[in-house]
Amino acid sequence: GAGVSQSPSNKVTEKGKDVELRCDPISGHTALYWYRQSLGQGLEFLIYFQGNSAPDKSGLPSDRFSAERTGGSVSTLTIQRTQQEDSAVYLCASSLMGGGAVDEQFFGPGTRLTVL
Amino acid sequence: AQKITQTQPGMFVQEKEAVTLDCTYDTSDQSYGLFWYKQPSSGEMIFLIYQGSYDEQNATEGRYSLNFQKARKSANLVISASQLGDSAMYFCAMREAQTGANNLFFGTGTRLTVIP
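Residue numbers (the working numbering), protein chains in the order written: chain A, 1 to 116; chain B, 1 to 116.
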């Protein structure tokens with residue numbers, strides 16, 4: 001079946017512009033996660049959606065970052081007034097239950113964001 | 001304090017030999033899960049193996065095994081019979097079940113290079 005998809009695969013923008021990154025999770029997965037991977041680093045948690053519950057926004061680095069998930073499926077991560085330090089690969093993941101024993105997270109291919 | 005520590009930025013192994021990638025973790029939760037992911041140069045995150053904190057036996061998945069030493073808070077990944085295709089970044093991650101947070105905490109990764 002189809003995996004997690006993300007678009008665009010690459011995004012180059014100018015400092016100060018807003019960007020939107022899209023994630024399509026695996027059908028039927030109730031949990032959706034956004035992570036950020038800076039060059040040569042591990043993944044940094046940003047935000048987590050589980051069903052209709054309020055999202056866990058504890059990882060968002062500033063109020064310039066926001067995300068929404070419409071209809072419990074597609075999610076959009078928005079970065080306003082982008083800064084050069086926002087340059088990174090943004091990875092989306094989904095899982096079936098959002099917790100439990102293994103509840104493997106399946107990752108998308110990521111969006112590489114470059115802020116000039 | 002870092003929740004996941006991977007002290008080996010890079011490792012080399014001869015093809016067909018075994019290699020151990022180190023991971024230590026820090027948590028006060030009694031219930032948690034430990035994961036290993038592989039990230040090839042193409043960028044996707046591939047789930048390899050999972051160990052639950054209450055699992056008494058070390059997890060194994062094909063050529064991958066997890067050397068879980070709970071008292072030492074270590075969860076080292078052992079890859080047996082290395083193959084050229086094993087060259088990639090390897091990330092150790094943890095989910096703390098008791099806190100209710102479902103996101104994964106990642107280490108900074110180990111770059112494994114398999115030498116022919």
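Even glycine gets a Cβ: it sits at the ideal position worked out from N, Cα and C.
Am I right that CYS23 (chain B) and ALA75 (chain B) are in contact with their C-beta atoms under 8 Å? What's the rounded C-beta distance?
Translated into positions along the second sequence, residue 23 (chain B) becomes position 23. Translated into positions along the second sequence, residue 75 (chain B) becomes position 75. That pair is a contact at about 5 Å.
Within the same chain, show all residues whose beta-carbon is closer than 7 Å to that of GLU104 (chain A), passing over the 5 residues directly before and after it, in chain order.
Along the first sequence, one-based indexing puts residue 104 (chain A) at 104. Here the set comprises SER95.
For ASN67 (chain B), report the span of its beta strand (DSSP E) as first-last.
Taking the first residue of the second sequence as 1, we reach residue 67 (chain B) at position 67. Segment 64-69, the beta strand (DSSP E) holding ASN67 (chain B).
Does the structure place the stretch 36-53 of chain A close enough to the stretch 64-81 of chain A that three or more beta carbon pairs sit under 8 Å?
yes
Would you kindly report the start and end of the unbroken beta strand (DSSP E) that includes VAL19 (chain B)?
Here residue 19 (chain B) refers to the residue found at position 19 of the second sequence. Looking at the DSSP string, the run of the beta strand (DSSP E) that includes VAL19 (chain B) is 19-21.
Starting from LYS11 (chain A), trace the beta strand (DSSP E) both ways and give me its first and last residue.
What you label residue 11 (chain A) is simply residue 11 of the first sequence in a count that begins at 1. Counting along the chain, the beta strand (DSSP E) containing LYS11 (chain A) begins and ends at 10-13.
Can you confirm whether TYR33 (chain A), when its beta carbon is compared against all beta carbons of chain B, has any partner nearer than 8 Å?
What you label residue 33 (chain A) is simply residue 33 of the first sequence in a count that begins at 1. It does; some Cβ of chain B falls within 8 Å.
Give me the chain A residues within the contact set of GLU61 (chain B), using Cβ-Cβ distance strictly less than 8 Å, ordered along the chain.
Locating residue 61 (chain B) in the second sequence gives position 61, counting from the first residue. In chain order: nothing, as chain A lies at least about 11 Å away.
LEU34 (chain B), DSSP secondary structure in three states
Locating residue 34 (chain B) in the second sequence gives position 34, where the first residue counts as 1. Looking at LEU34 (chain B) - three-state DSSP - the assignment turns out to be strand.
Determine, for LEU91 (chain A), whether the minimum Cβ-Cβ distance to residues of chain B falls below 8 Å.
As a working note, residue 91 (chain A) is residue 91 in the first sequence. At least one chain B Cβ lies under 8 Å of LEU91 (chain A).
Using a beta-carbon distance below 8 Å, is VAL102 (chain A) in contact with chain B?
In the first sequence, the residue the question calls residue 102 (chain A) occupies position 102. Interface residue, yes.
Short CB-CB distance (under 8 Å) between GLU17 (chain B) and chain A
Locating residue 17 (chain B) in the second sequence gives position 17, counting from the first residue. So, not an interface residue.
Inter-residue spacing [alpha-carbon to alpha-carbon] between ALA67 (chain A) and LYS16 (chain B)
Position 67 of the first sequence, counted from the start, is the residue given in the question as residue 67 (chain A). Position 16 of the second sequence, counted from the start, is the residue given in the question as residue 16 (chain B). Answer to the nearest angstrom: the Cα atoms are 45 Å apart.
Ends of the beta strand (DSSP E) at ILE46 (chain B)?
The count along the second sequence starts at 1 and reaches residue 46 (chain B) at position 46. Note, ILE46 (chain B): beta strand (DSSP E), 46-52.
I want to verify the contact list: residues of chain B whose CB lies under 9 Å from the CB of LEU60 (chain A), in sequence order.
As a first step, residue 60 (chain A) is located in the first sequence; it is residue number 60 there, counting from the start. What LEU60 (chain A) touches in chain B: nothing, since even the nearest Cβ is about 12 Å away.
Among the candidates A:THR76, A:LEU116 and A:LEU91, whose CA atom is the shortest distance from the CA of GLU85 (chain A)?
Stepping through the first sequence from its first residue, residue 85 (chain A) is reached at position 85. Comparing Cα-Cα distances from GLU85 (chain A) to each of A:THR76, A:LEU116 and A:LEU91, the minimum goes to A:LEU116.
Using the beta-carbon count (16 or more within 10 Å), is PRO8 (chain A) buried or exposed?
What you label residue 8 (chain A) is simply residue 8 of the first sequence in a count that begins at 1. So PRO8 (chain A) counts as exposed.
Residue from B:PHE68, B:ASN102, B:VAL78 and B:MET45 with nearest C-alpha to TYR54 (chain B):
Mapped onto the second sequence, residue 54 (chain B) falls at position 54. Cα-wise, what sits closest to TYR54 (chain B) is B:PHE68.
Check for me: the beta strand (DSSP E) holding GLU96 (chain B) runs from which residue to which?
Counting from 1 along the second sequence, the entry for residue 96 (chain B) is found at position 96. Element bounds for GLU96 (chain B): 88-96.
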